[in-house]
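Notes for the one structure printed next.
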Amino acid sequence: MQWKHGLVLAAAVLIGSAGMAQAAMHEETGGGGTSEFQKYDTNGDGTVSLEEAQKAHNSDLSKNFKQYDQNGDNKLDQGEFARFEAEQGGHMQKKNNGMDEGEGD
């Protein structure tokens, strides 16, 4: 029973940390998200759709889109996209350096 309380506490801490990180990112960028997020959000609605991810030629994001879409709305908000960025680490930047020229995976 104690392990369940520990698990609940750990989940609460992680959720709180993610929310704080998202709020900080939102504040630092003036509400516009990261520059990487803005590249993907081509229609400027504040979310990244699967179609936008596919157009960006990022196969990792396209293949795993549902995994990152935590609320199931078929769009990635800034927090969900930040999770993708964090899990990809430096790999995402390397893959997308040529995105503007139409290069991709």
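Per my numbering, numbering of the sequence shown is gapless, rising by one per residue and ending at 102. Glycine included, each C-beta is placed from N, C-alpha and C at the ideal position. Computed from a prediction, not measured in an experiment: that's the story for all the values here.
Continuous alpha helix (DSSP H) stretch holding residue i: start and end
i	result
Q75	75 to 85
A50	47 to 52
Q64	62 to 65
Contacts around residue i, its chain only, beta-carbon distance under 6 Å, and the 5 residues preceding and following it disregarded
i	result
F78	F34, V45
S59	A50, Q51
Sequence-distant residues of its chain with Cβ nearer than 8 Å to residue i (five each side left out)
i	result
D38	G30, T44, V45, E49
Cβ-based neighbour list, residue i, same chain, cut-off 7 Å, excluding 5 preceding and 5 following
i	result
Y65	L73, E77, R80, F81
Nearest-angstrom beta carbon gap, residue j and residue i [assumed within contact, 8 Å]
i	j	result
T42	Q85	The residue asked about is misnamed: residue 42 is Asp in this sequence, not Thr. With a Cβ gap of about 23 Å, D42 and Q85 do not count as contacting.
L47	N68	That pair is no contact at about 14 Å.
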